[in-house]
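Engineer: This is the structure I have questions about; it appears just below.
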Amino acid sequence: MGAGLVLSERAYLPARHQHPLDCRRQNRSETVLDVETGQALSFASDNPELLANGNVLIADEGNNRAIEVTHVIGSASTIVASFTASGTAGAMAFASRLPNGNTLLTDAGNNRIVEVNSTDSVLWEYVTTDRPGSNPAPAPTRAVRLANGNSLISDQFNDQVIEVNQAKQIVAAYGTINTPGYSPKSALARMNAPYSAYVIGDYTGITPPF
C-alpha cells in the first residue's frame, strides 16, 4: 500500500471542532453528546463525524441507519438525512462522507460495505462473506475510502483487514481469513478480530485533524 497502516481493537475518531463531540458507552449502548452543551444527538450509535457543512454524521447502529444531524450550539439538533441503503441496512457500525458527496456505510448486520448517494440509492457494495473460507457472519466494523479509490475494510470476525478496489478485488490483506491468532512479527500472518484500520496520513474518507 506504500504507507503506514494503523490497526486497533477499538478507536473513536475525535471531531475537529471547537465544540467537540463525545461518545460515551454505557451497557453496550452509546449516547452522542455535545460536550459543551450536554445535548444528546443520538442514542445506540457509533463514531460521530463532523462534516464540512457543520452537520454531524452518526452511525446509528441500534436503529440500523446512519443519520446526518444539524449541530448548532444552543439549538436542538434535527435529522436532515438518513441512510439505510434503501431500507436494507442492519447494525450500522460506521459511516463516512466521501469527497464526492456520497456516504460509505459499514453494514455489519449484512456483512457488507455500501456506498450510497444523497438519495440513499446503492451505487456500490462489497459483501465480505463472498470469499472462500469466510465466517458466515464476520460483521465488518469499519470501512474507509482511501486516496487511491480503494476501500480499507476491518472484517472483524474474518480476522482480517482487506483493501478492496472498485472492481471488488482484494489488493492487500492482513491476517488469515477466519483464523484468529497473534503474530508478533507481522500482521500479515494472524490477527484477532480487528476493529479499525487506517492508512497513516490518509484522511480521504474521514474527518482530518487540524
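Using the numbering used here, the letters of the sequence shown correspond one by one to residues 1326 to 1535.
Glycine residues also receive a C-beta, built at the ideal position from the N, C-alpha and C atoms.
Just confirm the distance between the C-beta atoms of Leu1430 and Ala1391, as a whole number of angstroms; I'd bet it's less than 8 angstroms.
Structural biologist: Taking the sequence shown and counting its residues from 1, the one referred to as residue 1430 is at position 105. Taking the sequence shown and counting its residues from 1, the one referred to as residue 1391 is at position 66. That belief holds up - the Cβ atoms of Leu1430 and Ala1391 are roughly 6 angstroms apart, short of 8 angstroms.
Engineer: What do you get for Thr1428, buried or exposed, if any count of 16 or more other CB atoms within 10 angstroms of its CB means buried?
Structural biologist: Working through the sequence shown from its first residue, we reach residue 1428 at position 103. Classification of Thr1428: buried, given that the 10 Å Cβ count is 16 or more.
Engineer: Would the beta-carbon of Ala1514 fall within 8 angstroms of that of Ser1508?
Structural biologist: Reading the sequence shown from its first residue, position 189 is the one you call residue 1514. Reading the sequence shown from its first residue, position 183 is the one you call residue 1508. Closer than 8 angstroms, so yes.
Engineer: What distance in whole Å lies between the Cβ atoms of Gly1500 and Val1486, which are believed to be in contact at a cut-off of 8 angstroms?
Structural biologist: Stepping through the sequence shown from its first residue, residue 1486 is reached at position 161. Stepping through the sequence shown from its first residue, residue 1500 is reached at position 175. Contact holds; Cβ gap of about 7 angstroms.
Engineer: So the candidates are Ala1414, Ala1416, Ala1384 and Glu1374; which of them puts its Cα closest to the Cα of His1396?
Structural biologist: As a position in the sequence shown, residue 1396 is number 71, starting the count at 1. Ranking Ala1414, Ala1416, Ala1384 and Glu1374 by Cα distance to His1396 puts Glu1374 first.
Engineer: Consult DSSP for Asn1388 and reduce its assignment to one of helix, strand or coil.
Structural biologist: In the sequence shown, counting from the first residue as 1, residue 1388 sits at position 63. Three-state result, Asn1388: helix.
Engineer: Judging by CA-CA distance, which residue of Asn1442, Thr1409, Asn1378 and Gly1434 is the nearest neighbour of Val1452?
Structural biologist: As a first step, residue 1452 is located in the sequence shown; it is residue number 127 there, counting from the start. With distances taken between Cα atoms, Val1452 lies closest to Gly1434.
Engineer: If contacts are defined as beta-carbon pairs under 8 angstroms, then Pro1457 and Phe1482 qualify, I think. What distance do you get, rounded to the angstrom?
Structural biologist: If you number the sequence shown from 1, residue 1457 lands on position 132. If you number the sequence shown from 1, residue 1482 lands on position 157. Not confirmed; about 16 angstroms, so no contact.
Engineer: For the beta strand (DSSP E) containing Pro1417, list its first residue and its last residue.
Structural biologist: Position 92 of the sequence shown, counted from the start, is the residue given in the question as residue 1417. A small fix is needed here, since residue 1417 is Met in this sequence, not Pro. Where Met1417 is concerned, the enclosing beta strand (DSSP E) stretches over Met1417 to Arg1422.
Engineer: Gly1530 and Val1469 look like a contact to me (Cβ under 8 angstroms); what is the Cβ gap, rounded to whole Å?
Structural biologist: Position 205 of the sequence shown, counted from the first residue, corresponds to residue 1530. Position 144 of the sequence shown, counted from the first residue, corresponds to residue 1469. So it is a contact: roughly 4 angstroms between Cβ atoms.
Engineer: Based on Cα-Cα distance, which residue from Ser1446, Asn1436, Ser1402 and Ser1421 lies nearest to Gly1412?
Structural biologist: Position 87 of the sequence shown, counted from the start, is the residue given in the question as residue 1412. It is Ser1446 whose Cα lies nearest to the Cα of Gly1412.
Engineer: Are Val1524 and Leu1477 closer than 8 angstroms when you measure CB to CB?
Structural biologist: Walking along the sequence shown from the start, residue 1524 turns up at place 199. Walking along the sequence shown from the start, residue 1477 turns up at place 152. For Val1524 and Leu1477, yes; Cβs fall inside 8 angstroms.
Engineer: Apart from the five residues on each side of it in sequence, which residues of its chain come closer than 8 angstroms, Cβ to Cβ, to Leu1376?
Structural biologist: In the sequence shown, counting from the first residue as 1, residue 1376 sits at position 51. The residues Leu1382, Glu1393, Arg1422 and Thr1532, in chain order, have a CB closer than 8 angstroms to that of Leu1376 in the same chain once the five nearest residues on each side in sequence are set aside.
Engineer: Which residues does DSSP pair with Ala1468 in a beta bridge?
Structural biologist: Start at 1 with the first residue of the sequence shown, and residue 1468 comes out as number 143. In DSSP, Ala1468 forms a bridge with Ile1478.
Engineer: What separation, rounded to the nearest whole angstrom, lies between the Cα atoms of Asp1480 and Glu1386?
Structural biologist: Against the sequence shown, residue 1480 aligns to sequence position 155. Against the sequence shown, residue 1386 aligns to sequence position 61. One C-alpha to the other measures close to 17 angstroms.
Engineer: For Gly1379 and Ala1418, I'd like the C-alpha separation in whole angstroms.
Structural biologist: Translated into positions along the sequence shown, residue 1379 becomes position 54. Translated into positions along the sequence shown, residue 1418 becomes position 93. The alpha-carbon atoms of Gly1379 and Ala1418 are separated by roughly 22 angstroms.
Engineer: Where does Asn1435 sit, in a helix, a strand or coil, going by DSSP?
Structural biologist: What you label residue 1435 is simply residue 110 of the sequence shown in a count that begins at 1. In this structure, Asn1435 counts as helix in the three-state DSSP scheme.
Engineer: Leu1430 bridges to which residues according to DSSP?
Structural biologist: Position 105 of the sequence shown, counting from 1, holds the residue named residue 1430. In DSSP, Leu1430 forms a bridge with Ala1420 and Val1439.
Engineer: Apart from the five residues just before and just after Gly1415, which ones in its own chain have a Cβ nearer than 7 angstroms to its Cβ?
Structural biologist: In the sequence shown, residue 1415 corresponds to position 90, counting from 1. Answer for Gly1415: Asn1389, Asp1432, Gly1434 and Asn1435, listed in chain order.
Engineer: Tell me the DSSP secondary structure of Asn1517 in three-state form.
Structural biologist: Here residue 1517 corresponds to residue number 192 of the sequence shown, with the count starting at 1. Three-state DSSP puts Asn1517 in coil, outside helix and strand.
Engineer: Let's see if you can read the secondary structure: which residues bound the beta strand (DSSP E) around Gln1485?
Structural biologist: Start at 1 with the first residue of the sequence shown, and residue 1485 comes out as number 160. Counted as a single uninterrupted DSSP element, the beta strand (DSSP E) harbouring Gln1485 occupies residues Gln1485 to Val1489.
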